[in-house]
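Please read the structure below before turning to the comments.
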Amino acid sequence: MNSSRTPLDLDLWLDKSLIQRQNQLKYQFIEVFEEVGNSFSNEELKQFFPSSKGKKITKGNDLEGFPYLVLDLVRDFDLDSGLNIRFLNWFGHGMYLALFFGKNISFPSPLLLENGFHFGLVDKPWDFPELILNKKYTERIAEIEPINSTTFKLWIKEIQVEKEKNELENCLKSEIKKILELNQKS
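The opening residue of the sequence shown carries number 804 in this note's numbering; numbering runs sequentially from there.
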């Protein structure tokens, strides 16, 4: 699209109700992420992963042209020894739970597959457009195992968003609890 020849859409620009609706929805999702993050203490996260750096919510306006929110728990992004649990709320695309494991961190692939995760086949740890839009992932152990010990691992799962905030909060908390429990089984 040649934007220099497209006239400015001043009606959209001045549509206060559209902007207000989007901002209200964004604030509601931030409240959900705050509730979910605050329901897990830093001590719990350190028990799960000793070098945990806690929790953080990040807002962005342009992931392939769409706003997004991220809730990170643990927040160790080292490519060799890190671990992170990330909820990505990508407006216009959906909500996803991503698990990042550094090269030297092992987590049982069968347990993750049983819990609805797909193994990412991307070259960069947070290449969500490639991972989600181009479905660059697999569920085949034969494809996962050769990669599993040679580089970082990125697992992803789409989350069905509930309309009621408290139902969504409970859903996201449940997903985190499952991950913490899977770690105990491994």
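Beta carbons are placed, not taken as given, at the ideal position from N, Cα and C, and that holds for glycine. Treat the numbers as computed from the prediction; the structure is a model and nothing was measured.
Residue i, DSSP secondary structure in three states
i	result
E846	helix
R824	helix
P932	helix
E834	helix
D881	coil
I888	strand
G923	strand
G868	coil
I959	strand
K976	helix
K966	coil
L985	helix
D814	helix
K862	strand
Neighbourhood of residue i by C-beta distance below 7 Å, restricted to the same chain and skipping five residues each side
i	result
Y940	H921, F922, G923, L924, L934, I959
E965	L971, C974
K927	none
N887	D875, V877, R878, D879, F880, F903
Cutoff 8 Å; reference residue i; Cβ partners in own chain excluding five residues on either side
i	result
L915	L902, F922, W958, L985
K833	Residue identity check: residue 833 is Ile in the sequence provided, not Lys. Result list for I833: I860, K862, L872, in chain order.
V835	K968, L971, E972, L975
Inter-residue CB distance, residue i and residue j (contact presumed, cutoff 8 Å)
i	j	result
D879	K856	6 Å
S907	S884	According to the sequence displayed, residue 907 carries Asn and not Ser. Right, the Cβ-Cβ distance comes to about 5 Å (below 8 Å), so this counts as a contact.
G905	F955	6 Å
V839	K976	6 Å
Residues near residue i by beta carbon distance below 6 Å, same chain, minus five either side
i	result
P932	E867
T861	V873
E978	L900
Spatially closest choice to residue i from the options, by CA coordinates
i	options	result
E837	F890, W929, G919	F890
Q850	V877, Q831, Q827	V877
W893	P870, K829, L886	P870
R943	K968, N918, P913	P913
Q825	S842, G895, L848	G895
E961	G919, N841, S844	G919
E917	Q963, K981, K938	K981
CB contact check: residue i to chain D, cutoff 8 Å
i	result
I947	Given the protein chain composition of this structure (a single chain), no chain D is represented.
Contact test: residue i Cβ vs the ligand SAH heavy atom, cutoff 7 Å
i	result
N969	In the structure on display, the ligand SAH does not appear, and there are no ligands present to speak of.
Exercise. Do the stretch 811-820 and the stretch 950-970 touch if we need at least three Cβ pairs shorter than 8 Å?
Worked result: Counting Cβ pairs under 8 Å, fewer than three are found: no touch.
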